[in-house]
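Notes follow the structure.
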């Protein structure tokens with residue numbers, strides 16, 4: 004199941020039933036995990052449906068682990084709406100949702116490129132309202148939502164802000180947007196974040212007494228900081244600023260006694276502003292915590308610099324790699340190739356690869 008051998012897992016399940024062996028909750032959890040790792044989304048979704056029908060036939064009532072595995076499977080197979088319907092079913096049955104439940108819901112959000120960021124914010128605050136503290140995986144998945152997902156329309160995002168922010172911030176949001184904001188998020192349940200409609204957002208920073216305070220929409224008392232309007236928040240680093248930016252995000256993790264590892268910093272590297280200053284600040288935090296960067300981190304750094312045509316800075320990362328006692332891999336040379344503008348530069352890079 005862990006390796007994604009879905010067909011083999013279900014063949015073993017069929018043999019269990021043929022031999023009259025008892026199918027336990029753990030069996031269903033393993034099969035659902037196999038669905039989550041299925042080779043195709045279509046295959047995974049079909050098998051989840053078959054399993055759910057089998058549970059109904061046997062009058063089997065899923066436990067929390069089964070539900071969590073179902074949410075995980077639906078999320079990874081791209082059916083975000085069904086993942087939330089399963090969470091609603093848990094609420095209806097008065098089953099206790101735990102951190103794993105919410106982390107799998109956040110994981111489902113990360114698969115929704117158009118609206119995932121908005122759904123993730125709602126889910127995050129439902130988690131806080133349930134008295135569950137975010138953990139390392141919660142923060143990591145939120146970073147993936149920042150990197151990969153948009154938040155849909157202006158109306159939808161305004162509704163999210165009206166829902167998660169305390170009253171003063173709500174008033175501020177109403178002033179920000181001159182159009183009427185007489186609706187809050189429409190959902191079929193207490194948890195479901197899906198709502199209709201669409202337009203765009205506008206983001207303009209403002210400061211009081213020359214002091215600029217970044218917004219932070221992840222805090223238990225989320226705020227908009229010095230932000231007075233939302234406009235064209237399209238890129239990952241712009242969405243990251245809504246979560247406090249690099250400093251605010253790390254401070255929030257520190258408050259919850261969560262220490263980021265290099266994988267977490269690699270994700271942050273992908274969502275900070277595309278500038279040398281921002282990258283140096285992040286590298287400073289890595290050193291301060293005492294982490295050792297791996298080759299994946301440096302490869303992302305080279306790619307980030309190459310994509311903004313800062314080829315000289317991209318080449319400088321090779322020195323960092325050697326200083327860290329690491330060796331370039333095939334990915335390293337692949338992203339360095341982005342900076343080859345002449346045949347001579349390409350030839351030199353090939354020679355470096357052959358000499359390595």
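Residue numbers (the working numbering): 4 to 359.
Where a beta carbon is used, it is the ideal one built from N, C-alpha and C, also for glycine.
So, is residue i buried or exposed, given that buried needs 16 or more other C-beta atoms within 10 angstroms?
i           : result
residue 79  : buried
residue 145 : buried
residue 106 : buried
residue 115 : buried
residue 302 : buried
residue 345 : exposed
residue 312 : exposed
residue 361 : The requested residue 361 is not part of the displayed model; the chain covers only 4 to 359.
residue 110 : buried
residue 228 : buried
residue 259 : exposed
residue 62  : exposed
residue 223 : exposed
residue 335 : buried
Does residue i come out as helix, strand or coil in the three-state DSSP assignment?
i           : result
residue 294 : coil
residue 122 : helix
residue 101 : coil
residue 273 : helix
residue 69  : helix
residue 219 : strand
residue 245 : coil
Need the endpoints of the alpha helix (DSSP H) that residue i sits in, please.
i           : result
residue 80  : Premise fails: residue 80 is in no alpha helix (DSSP H) and is neither H nor E.
residue 26  : Counting along the chain, residue 26 falls outside any alpha helix (DSSP H), and DSSP gives it neither H nor E.
residue 236 : It is not in any alpha helix (DSSP H) - residue 236 carries neither H nor E in the DSSP assignment.
residue 20  : 9–21
residue 138 : From DSSP, residue 138 is part of no alpha helix (DSSP H); its letter is neither H nor E.
residue 278 : Looking at the DSSP string, residue 278 is not in any alpha helix (DSSP H), and its letter there is neither H nor E.
residue 45  : 44–60
residue 166 : 157–167
Apart from the five residues on each side of it in sequence, which residues of its chain come closer than 6 Å, Cβ to Cβ, to residue i?
i           : result
residue 148 : 112, 113, 119, 120, 123
residue 85  : 77
residue 281 : 275
residue 168 : 225
residue 39  : 75, 76, 79
For residue i, which residues from the same chain have a beta carbon less than 8 Å from its beta carbon, with the 5 sequence-adjacent residues on both sides left out?
i           : result
residue 340 : 349, 352
residue 143 : 266, 267, 270
residue 330 : 298, 324, 359
residue 338 : 302, 305, 306, 309, 317
residue 99  : 67
residue 150 : 239, 270, 273, 274
residue 135 : 100, 101, 102, 105
residue 133 : 100, 105
residue 96  : 64
Go through its chain and collect everything with a Cβ distance to residue i's Cβ below 7 Å, but skip five positions before and after it.
i           : result
residue 1   : With the chain represented from 4 up to 359, any question about residue 1 goes unanswered, as that position is not in the structure.
residue 296 : 265, 289, 327
residue 279 : 316
residue 343 : 349, 352
residue 44  : 80, 81
residue 71  : 103, 104, 107
residue 217 : 228, 244, 247, 248, 251
Would you say residue i reaches chain D, if we count a Cβ-Cβ gap shorter than 8 Å as a contact?
i           : result
residue 155 : Of the chains in the structure shown, none is chain D; there is only one protein chain.
Query raised in the report: What are the start and end residues of each continuous alpha helix (DSSP H) run of 4 or more residues lying completely inside the segment 308–355, in chain order?
Result: 314–326, 333–339
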